[in-house]
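Reviewing the structure listed below.
Numbering (the numbering used here), first residue to last: 1117 to 1278.
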């Protein structure tokens, strides 16, 4: 069997970006259904979410690798959640300068400048738990097979040794 190598940081960023984008669309659809019983399940997001989620999750991956032997899951997820609020506020603040911030939490009771909503802390915490235990853990296990060659049916075929 051929040698395999881990996914590059850019490949992992791409997967994280798509994952975050998808989760946001699904969350907003479910949230809208919960509040309005809208059976259309319209989920919304912004293209900015790709950069925001991809970059955040890649940073959390590095943090996970550093913290996993130092702290338990609860402490790590609390750290990720605090970082997430800082990242959401920062990216929202920068985007707002260009009238490009796609979210506005000003209708929440405890919002901070409409950029973050502490009311979401449980959702964000659970999201970071899922991120670490399912997404990051599995993405770090993915490998490219140097000897793999796709065939016409989309299946991966092994190259024959010379």
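Don't be surprised by glycine CBs; every beta carbon is placed ideally from N, CA and C.
Tell me which same chain residues have a C-beta within less than 6 Å of the C-beta of residue i, skipping the five on either side of it?
| i | result |
| --- | --- |
| residue 1227 | 1221, 1233 |
| residue 1217 | 1208, 1211 |
| residue 1160 | 1144 |
| residue 1277 | Since pLDDT at residue 1277 reaches only 47, below the 50 mark, its modelled position is unreliable, and the value read off the structure follows with that caveat. Around residue 1277: no qualifying Cβ. |
| residue 1258 | 1123 |
For the candidate residues the options, whose alpha-carbon lies nearest to that of residue i?
| i | options | result |
| --- | --- | --- |
| residue 1248 | 1178, 1208, 1203 | 1178 |
| residue 1364 | 1253, 1168, 1205 | The shown model of the chain, from 1117 to 1278, leaves out residue 1364, and the question about it has no answer. |
| residue 1230 | 1212, 1127, 1186 | 1212 |
| residue 1193 | 1224, 1158, 1176 | 1176 |
| residue 1195 | 1209, 1217, 1216, 1172 | 1172 |
| residue 1184 | 1252, 1217, 1120, 1206 | 1252 |
| residue 1174 | 1162, 1203, 1187, 1191 | 1203 |
| residue 1157 | 1148, 1163, 1164 | 1148 |
Roughly how far, in whole angstroms, is the beta-carbon of residue i from the beta-carbon of residue j, given that I think they are within contact range, below 8 Å?
| i | j | result |
| --- | --- | --- |
| residue 1244 | residue 1200 | 7 Å |
| residue 1255 | residue 1131 | 6 Å |
| residue 1219 | residue 1170 | At roughly 17 Å, the Cβ-Cβ gap does not stay under 8 Å, so residue 1219 and residue 1170 are not in contact. |
| residue 1241 | residue 1197 | 5 Å |
Once the 5 residues before and after residue i are set aside, which same chain residues still bring their CB inside 8 Å of it?
| i | result |
| --- | --- |
| residue 1166 | 1133, 1134, 1136, 1137 |
Please give the ranges of any alpha helix (DSSP H) in the stretch 1186–1236, keeping only runs that are unbroken, at least 4 residues long and fully inside the region. 1189–1213
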